[in-house]
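One rule links them: number in my numbering = place in the sequence shown (from 1) + 427. For glycine and all other residues, C-beta sits at the position ideal for the given N, C-alpha and C.
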Amino acid sequence: MSLTFCNVHFTQQPEKVVYVSNSLLKMLKLSGKKSIYLRLGKISVSATIKPIKKSGKHLYLPAGIRNSIRVPKAGSIMLLNNNDEVHIGPLIGVLSDSAVRSVTHPFGNRTGFIKQLLREGNKRAYIFAFTPRDINWQQETILAYFLSETGGWTRKTVPLPDVIYNRLPSRRAETGAAVNSLRERFIRKKIPFFNWSFFNKSDVYALLENEPESYRYVPESFNGPSPDKMKEMLEKHHFVYYKPTAGSLGKGIYRLIYHPKKGYFARYRRSGSNVLLRFSSFNSMMRMLHARHGRSLRNYVVQQGIRLIEIDSCPIDFRFHMHKNGKNEWVVVGIGAKKAGKGSVTTHLKNGGQLLTPEQALSRTFGSRASDVLHNAKQVAIKLAEAIERNYPHLLGELGFDIGIDQDERVWMFEANSKPGRSIFKHPSLRSEGRSSLTHIFEHCLYLSKFRRRDEQ
Ligand SMILES: Nc1ncnc2c1ncn2[C@@H]1O[C@H](COP(=O)(O)OP(=O)(O)O)[C@@H](O)[C@H]1O
Ligand SMILES: [Mg+2]
């Protein structure tokens, strides 16, 4: 197997002959061969090849050939050859969708991010975006969105791709039978598909249960706790978080406190403001929770509360944005520190939180130890990502950890997001990390599609 760059030219020749420059023929070890299979994504066609005298690495595709495998454009691209098959590509698909969409924003408010990713990948690959509705399973093609020269969209039909980066937006969009069968179909066609789907909090904790080296970073947690279990946790820790396993953005989260002398306290967010209620008994607090959520409390997790480091009496936690690189290793690409809004249960920016750099956040508490604390937290995050991946049956290429650090420098993991948001990259000091995140997604696509030299750094 070898990998090389070449220049693809489109010709108007009627015969189905592919002309290959001599140095490219030699590079692909095809000298003397009469015919090859030419592949793009999951479609291949047999073609007669002829040498052409021209310096450099060039491939001339007549209309008949390029239409049958649907090559989207001429220009510089990679070739991967394997015996008598020459694979042009890679062809990379970014899967997304949006409930609110328009011609210019077919992926709603994700359109900007998707365009950035396509711009990054365009230099070295055929990269496009698509929604589940754009797939034609009979023909095994996709009506793709490519970036046009002017930064808008052009639609082209392409084969099923070599790899898919999944950014389907919502849990609801993803749990339907349609999306499940779509994923299964891609797997049957041996198309690497990452990331598989959203995580539930309790599923992630369960993945780590048999990994003691990692499980110690998860605060003690129980899924769907009985009232007895709730009481036991409150008596043991005096402070717990009670949160929906499939939640996000801090919705439905309670911070519960048991004070042996003063009673029970519940802090939460109600219609845009922070509420603190006191209850004289455990039962009256549970009645309030039941009245607000009823049976959906079965899908809640109770979790030991962690006393996070604080600035100005506001807790701080961290988002660690993790990627798999082109060598299939986990790396920490960006870290944002989030300071909770006054009286808020969570650090979400939507709830009044503030974004800081990790150095700003840690130096206030740990002084000269700050960089050691950060280094240690990075090692923990990598260990956690590796452990989650080991126990997860599907491909993962990106993770966003919500990480807490307590006064004793202990590191805790609250949540792992498989489709992490990108708001930390809006911080002026984290822009270059944002770009690096895009590069990592692309490099990992190259890795999964095999269009990457194993010795490349
Ligand atoms: N066990 C806990 N101890 C202390 N703070 C917590 C705990 N669990 C969650 N939090 C705080 O609440 C935030 C939101 O919790 P998280 O589990 O990430 O839920 P969501 O899915 O709503 O983001 C965290 O980023 C952290 O600030
Ligand atoms: Mg979170």
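Asked: Inter-residue Cα distance where the pair is Asn-880 and Leu-457; Found: The displayed chain sequence assigns Arg, not Asn, to residue 880. Straight-line Cα distance between these residues: approximately 20 angstroms.
Asked: Beta-carbon spacing of Gln-730, Glu-647 below 8 angstroms; Found: yes
Asked: Spatial neighbours of Ser-450 in its chain, beta-carbon cut-off 8 angstroms, leaving aside the 5 residues before and after; Found: Ser-482, Gly-483 and Lys-484
Asked: Nearest to Lys-754 (by Cα), restricted to the options Ile-868, Pro-533 and Phe-534; Found: Ile-868
Asked: Under the three-state DSSP convention, the category Val-447 falls into; Found: strand
Asked: Element boundaries [beta strand (DSSP E), containing Asp-744]; Found: 741-751
Asked: Where the alpha helix (DSSP H) containing Ser-629 begins and where it ends; Found: 628-635
Asked: Sufficient close CB pairs (3 or more, under 8 angstroms) joining the segment 634-654 to the segment 799-818; Found: yes
Asked: Neighbourhood of Gln-439 by C-beta distance below 7 angstroms, restricted to the same chain and skipping five residues each side; Found: Ala-490
Asked: Terminal residues of the alpha helix (DSSP H) in which Ala-788 lies; Found: 785-793
Asked: Backbone secondary structure at Tyr-592 - three-state DSSP; Found: strand
Asked: For Leu-676, three-class secondary structure by DSSP; Found: coil
Asked: Asp-829 Cβ short of 7 angstroms to ligand 2 heavy atom set; Found: yes
Asked: Local Cβ density within 10 Å of Lys-428, reported as buried at 16 or more and exposed below that; Found: Per the sequence presented here, residue 428 reads as Met, with Lys not at that position. Answer is exposed; the Cβ neighbour count stays below 16.
Asked: Any chain D beta carbon closer than 8 angstroms to Gln-731; Found: Within the model displayed, chain D is absent; a lone protein chain is all it includes.
Asked: Residue span of the beta strand (DSSP E) that contains Gln-730, given as start and end; Found: 727-731
Asked: Rounded separation between Asp-835 and Leu-801 - CA only; Found: 13 angstroms
Asked: Closer than 7 angstroms: Asp-744 CB and nearest ligand 1 heavy atom; Found: yes
Asked: Heavy atom of ligand 1 within 7 angstroms of Ser-859 beta-carbon; Found: no
Asked: Proximity test, Lys-810 beta-carbon vs ligand 1 heavy atom, cut-off 7 angstroms; Found: no
Asked: Whole-angstrom distance between Thr-577 and Asp-589, CA atom to CA atom; Found: 26 angstroms
Asked: Secondary structure of Thr-866, DSSP reduced to three states; Found: helix
Asked: Residue from Ser-863, Ile-733 and Phe-557 with nearest C-alpha to Arg-837; Found: Ile-733
Asked: Where Gln-439 sits in the DSSP three-state scheme; Found: coil
Asked: Nearest-angstrom Cα separation, counted from Asn-637 out to Phe-649; Found: 15 angstroms
Asked: Exposure label - Glu-512; buried when at least 16 CB within 10 Å; Found: exposed
Asked: Sufficient close CB pairs (3 or more, under 8 angstroms) joining the segment 496-503 to the segment 527-537; Found: no
Asked: At least 3 beta-carbon pairs within less than 8 angstroms: the segment 621-629 vs the segment 696-716; Found: no
Asked: Stretch-stretch touch, CB-based, cutoff 8 angstroms, three pairs: the segment 558-565 with the segment 600-616; Found: yes
Asked: Residues of its chain near Leu-467, where Cβ-Cβ distance is below 7 angstroms and the 5 sequence neighbours each way are ignored; Found: Ile-496, Arg-497, Val-498, Ile-515, Gly-516, Leu-518 and Pro-586
Asked: Whole runs of the alpha helix (DSSP H) within the segment 603-627, excluding any shorter than 4 residues; Found: 604-615
Asked: Three CB pairs or more closer than 8 angstroms across the segment 842-857 and the segment 742-751; Found: yes
Asked: C-beta atoms of Val-772 and Arg-719 nearer than 8 angstroms; Found: no
Asked: Simplified DSSP assignment, three categories, for Phe-534; Found: coil
Asked: Contacts around Asn-803, its chain only, beta-carbon distance under 8 angstroms, and the 5 residues preceding and following it disregarded; Found: Glu-836 and Val-838
Asked: Nearest to Lys-688 (by Cα), restricted to the options Lys-766, Ser-707, Lys-583 and Gly-761; Found: Ser-707
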